[in-house]
Every structure is written in structure tokens, then in C-alpha cells.
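Sequential numbering from 737 applies to the sequence shown in the numbering used here.
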Amino acid sequence: MLLTIYAKQTEKHQTILDQMYQLRARQFSERRGWRVVVKNGQERDHFDQQNPLYICVVSKKGKLLASLRLLPTNKPHMLSEVFPEVMGDKKIIRHHLVLESSRFCVDTEAAKFFGSEGINIVTSQLLSGLFTTANAIGIKDIISVYDIYVERVLRRAGCIFKRVGPVHKYDDLKTVAGLFNVSDNLGAEISKDINVLEKSHLDNLQPVHHIN
């Protein structure tokens with residue numbers, strides 16, 4: 737199932753949030769070797785203090801399978817503060833109807849089950865949840881920074897996007913920024929194998945101006 741969680745909802749969703757920070761530590765520090773700060777087995781950064789919106793895929797037994805983070809671009813976000821070089825000579829996108837997606841991660845065990853397009857089903861669930869959630873709160877576009885490998889995964893998953901700047905190397909990884917129109921991706925059939933989006937996952941949401 738899908739959950740949408742604001743960072744300030746720690747009391748209600750502490751177990752899921754703890755699992756998310758732990759998954760991020762495993763995926764980004766241990767598995768991929770990113771230069772991130774891990775404390776007590778959890779990866780967090782100062783953007784997690786800005787009450788971002790998290791989208792999570794959770795099993796029926798309450799295990800976190802995948803997650804991502806959404807930040808408003810009209811406030812400090814990773815593209816503006818950490819990865820501005822991927823925009824080249826273009827201006828950093830700052831707009832209240834554009835959110836930045838970051839910290840996209842999928843549990844290794846959960847990633848072993850694939851659909852007909854060769855994309856693991858949990859990744860498809862998370863991407864579907866991203867665009868249905870963005871649409872529900874009035875977002876027009878999603879911007880994200882990722883490496884070339886992830887870009888290929890997104891393309892195979894059926895995502896529609898365009899690069900908005902040059903390739904730039906961070907920690908020896910070729911990195912780019914992509915812009916995803918929400919309406920285009922709602923009709924993109926990101927997954928033909930699943931129908932997992934329960935309307936209840938949208939009940940927690942507030943209009944975009946509440947993400948602060």
C-alpha cells in the first residue's frame with residue numbers, strides 16, 4: 737500500500753519514518769557509497785527538517801519497501817543548494833507548483849519482483865504514487881536530480897521527462913536533472929502490471945502551499 741507522510745507527523749508514523757531513514761542509509765551510504773551523514777544507522781539531512789512530504793510503499797505487514805521525498809522548489813532544495821551545476825547556464829527552477837523529488841530508494845529484497853516491462857513492481861508503485869500524489873495537491877511538474885543509471889530505469893518504467901541541463905559528475909557519477917510534467921505522466925501507463933493505488937493514500941494530503 738501507499739502512504740503519504742509529512743515529516744512533522746512523527747508521532748503517528750514514527751516506525752515507518754525510522755525504517756525510511758534506515759533504508760536510505762543502506763542504499764545511499766553502504767550500497768552506493770554516497771557522501772551522506774549516517775547517525776545511529778539512519779541517513780538524514782537538513783532538508784528533512786523542512787517538513788517535506790514523503791511517499792512510501794509499505795507491505796501489508798508494515799515493512800517499508802520504498803520511499804521518496806518531495807520538497808517545494810520555491811524554498812531551499814537539493815537542486816538549488818547541492819546540485820546547481822546540473823542546470824548549466826539555466827536558472828534554478830523555483831515555483832510553488834513545482835516540487836523536487838529526491839532520496840528515491842527501494843529495498844533490495846523488494847526489488848526482485850519484476851513486471852512485464854523489466855521494472856521491479858515496487859519501483860512502479862512508487863512512481864505511480866509520485867504522480868497521483870502530485871496531481872492531488874495541484875502540482876504541475878516534478879524536478880529531480882539523478883545519475884545516468886537511474887535515468888535509464890525511469891525511461892524503461894515509462895516516465896516522460898526531459899533533461900534540463902548538462903551532465904555533471906558528482907562523486908564520479910554522471911548526474912543529470914530531469915523535469916516531469918505531472919499530467920503527461922498520469923497518462924503514461926507507468927505500469928501495466930499493477931493496480932495498487934488506493935484512494936485512501938490521498939486522504940492525508942493538503943494543498944501544495946501546506947508543504948513548508
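Glycine residues also receive a C-beta, built at the ideal position from the N, C-alpha and C atoms. Just so we're clear, the structure is a prediction, and the values are computed from it rather than from any experiment.
Burial state of Phe849 (16 or more Cβ within 10 Å): exposed
Residue environment, Tyr742, which counts as buried when at least 16 other CB atoms sit within 10 Å: buried
Beta bridge counterpart(s) of Asp754 as assigned by DSSP: Asp754 pairs with nothing; no bridge assigned.
Integer Cβ distance of Glu779 from Ser765, believed to fall under 8 Å: 6 Å
Rounded C-alpha distance that separates Lys826 from Arg899: 12 Å
Proximal residues to Leu759 (C-beta, below 7 Å), its chain only, five neighbours per side dropped: Leu800, Ser803, Cys841, Asp843
Candidates Phe916, Tyr790, Asp908, of which the one nearest His749 by Cα: Tyr790
Leu807 beta carbon less than 9 Å from that of Met814: yes
Burial state of Tyr885 (16 or more Cβ within 10 Å): exposed
Reduced DSSP secondary structure (H/G/I, E/B, other) of Lys935: Note that Lys935 scores a pLDDT of 45, beneath 50, so its modelled location is shaky and nothing firm can be said.
Ser837 - containing beta strand (DSSP E), residue span: 834-842
His782 in three-state terms, based on DSSP: helix
Simplified DSSP assignment, three categories, for Asn871: helix
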